[in-house]
Amino acid sequence: VAKYLFRRLKSIGIETVFGVPGDYELALLDFVPEEGLNWIGTPNELIGAYAADGYARQKGAGALVTTFGPGELSALCGIGGSFGENVPVLHVVGYPTRPAQASGKILHHTLGDLSYEHYREMSAELSCATTILEDAHSAPSEVDRVLNGMRLPFSQPHVQL
């Protein structure tokens, strides 16, 4: 799933991905260089969002990777700025695994109620499309759908992985 996502980013002209390494997306980040993309780590997620915005203004589209919860929310001010100015930035968010979510245990970065929808719902207000990439079968069509949305006005897609 991650290989396809990053391969598609490269196919639309994105050569550099910005963000902050975090616990829920560390494995995902291994695929960035594997797919021939550059990784630029930023001091925090807001700066990563601004960097992806600046990159998109120069190259046509940008991408940001953050972790679930606080990292995701920290990026929203920058993503909101991109959204308001029609700058296409893809926000990829690493989430806890499905088995971890289904365990019934409260995980860190949650709001203590076992719901994993709160942050996605907040991000959806500043996104042209959202998706959750849960399986390899449906992921390619979902990635394509979301990336096609980047061509539309108000184009900040949001992907959970």
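For what it's worth, the numbering used here labels the leading residue of the sequence shown as -4, then goes sequentially.
Note that the Cβ used here is the ideal one computed from N, Cα and C, for glycine as well.
Within the stretch 37 to 92, the runs of alpha helix (DSSP H) at least 4 residues long that lie entirely inside it are, in chain order, 40 to 54, 65 to 79.
Using a Cβ-Cβ distance cut-off of 8 Å, the stretch 56 to 68 and the stretch 85 to 94 are in contact, since at least three pairs of beta carbons, one from each stretch, lie closer than that value.
Bounds of the beta strand (DSSP E) holding G14 are 11 to 14. Contact annotation: T126 and E112 have beta-carbon atoms that are not nearer than 8 Å. Closest option to T11, judged by alpha-carbon separation, among F78, A131, A51, L106: A51. A contact is defined here as three or more CB-CB pairs under 8 Å, and the stretch 71 to 81 fails this definition with respect to the stretch -1 to 6. Counting of Cβ neighbours within 10 angstroms places T62 among the buried residues, the total reaching 16 or more. Rounded to the nearest angstrom, the gap between the Cα atoms of F26 and N33 is 10 Å. Shown here for P83: same chain residues with a beta carbon closer than 6 Å to its own, the five before and five after excluded, namely A51, A56, M145, S150 in chain order.
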